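Take the sequence shown: its letter number 55 is residue 280 in this note's numbering, and every next letter is one higher.
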Amino acid sequence: MKYTLLFSIALSTLLYSCGKDDATKAPTDQDILNKRIEDIIPKKYLDTLKVLGFNINEGVTPPNVEGTYDIQPYILDTSNLDVDEPRGYRFHDGVVRLSGQNNKDFSIKLIGEHFLTDSDTSITTAISGSGNNFTVYGKVKSVSGSHSAIAAIIMTATKEANGLRNFKIGIINIDDSNGGGVFIPEGKGRVAHDADFISEKRAEKVAPADHNRERLSKGILDK
226 MKYTLLFSIA LSTLLYSCGK DDATKAPTDQ DILNKRIEDI IPKKYLDTLK VLGFNINEGV
286 TPPNVEGTYD IQPYILDTSN LDVDEPRGYR FHDGVVRLSG QNNKDFSIKL IGEHFLTDSD
346 TSITTAISGS GNNFTVYGKV KSVSGSHSAI AAIIMTATKE ANGLRNFKIG IINIDDSNGG
406 GVFIPEGKGR VAHDADFISE KRAEKVAPAD HNRERLSKGI LDK
């Protein structure tokens, strides 16, 4: 009985120590990345974009993709909106600026033009990927008068020397509580792509795009 009691105490001490070690274990890179992505887009909405044909480049070693890229021609691929044509609608040519990439916490700054509005700046952003393949996740607030909506804007592509290959973008309304019927409904989204499959990288210190040029079409989050 004495031996059994001593063994029980030793076993309890061992289990306590293991539990304590597990509790204080530092998060892995994948844990950090997963947390950032979950803060940007709920899994159910990311799954919706996947059903629409959007591919995610996973991994914790994304390439450096800082730069400014032209997305043109910018064409609708798929949508879960009944009012949309299945594919082929041309949106206003887009521009995406990526900067401040940090592969330790997987943060990156995203500024877009003509994805939601004339200018879109991410609230929270993350990047995943490996090799030359990457995916950028951004949470963006879109405002129209007194109404607003929160959208997730996800971009995926392969980095090349002069730009991005096979650029695709998925945008979905993740919070329409103040939308007032101005935006597409919550849970609805669109996937679009650069139709010539190459999104050219602009030279450094190029002047910003002219916002006064004629708008070709509606924004991707508009009704």
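The beta carbon of each residue, even a glycine, is placed where N, CA and C say it ideally should be. Predicted model only: the values in this text are computed from it and were never measured.
Is residue j closer than 8 angstroms to residue i when the C-beta atoms are compared?
i, j, result
"residue 305", "residue 413", "yes"
"residue 322", "residue 336", "yes"
"residue 266", "residue 399", "yes"
"residue 411", "residue 421", "no"
"residue 377", "residue 270", "yes"
"residue 342", "residue 280", "no"
"residue 261", "residue 331", "yes"
"residue 278", "residue 302", "yes"
"residue 309", "residue 415", "yes"
"residue 285", "residue 326", "no"
"residue 379", "residue 395", "yes"
According to DSSP, is residue i helix, strand or coil?
i, result
"residue 276", "helix"
"residue 429", "coil"
"residue 389", "strand"
"residue 328", "coil"
"residue 409", "coil"
"residue 262", "helix"
"residue 268", "helix"
"residue 281", "coil"
"residue 345", "strand"
"residue 401", "coil"
Distance, Cα to Cα, residue i vs residue j?
i, j, result
"residue 409", "residue 338", "19 angstroms"
"residue 457", "residue 254", "In this structure the chain extends from 226 to 448, so residue 457 is not present and cannot be described."
"residue 397", "residue 288", "25 angstroms"
"residue 333", "residue 324", "6 angstroms"
"residue 355", "residue 383", "10 angstroms"
"residue 374", "residue 403", "6 angstroms"
"residue 259", "residue 359", "15 angstroms"
"residue 372", "residue 363", "20 angstroms"
"residue 426", "residue 357", "15 angstroms"
"residue 268", "residue 352", "16 angstroms"
"residue 407", "residue 429", "37 angstroms"
"residue 252", "residue 275", "27 angstroms"
"residue 419", "residue 292", "17 angstroms"
From the DSSP output, read off the bridge partner residues of residue i.
i, result
"residue 322", "293 and 336"
"residue 301", "417"
"residue 314", "Beta-bridge pairing links residue 314 to no other residue."
"residue 308", "DSSP output for residue 308 lists no bridge partner at all."
"residue 251", "For residue 251, which the question treats as bridged, DSSP gives no partner whatsoever."
"residue 395", "379 and 416"
"residue 363", "350 and 378"
"residue 358", "355 and 383"
"residue 373", "368"
The ligand SAH and residue i: does any heavy atom of the ligand fall closer than 7 angstroms to the residue's C-beta?
i, result
"residue 308", "Because no ligand of any kind appears in the structure shown, any question about the ligand SAH cannot be addressed here."
- Flag this pair as touching only if the segment 296 to 305 and the segment 358 to 372 have three or more C-beta atom pairs under 8 angstroms; answer yes or no. no
- Message: For the pair the segment 341 to 350 and the segment 384 to 392, tell me if three or more CB-CB distances fall below 8 angstroms.
- Response: no
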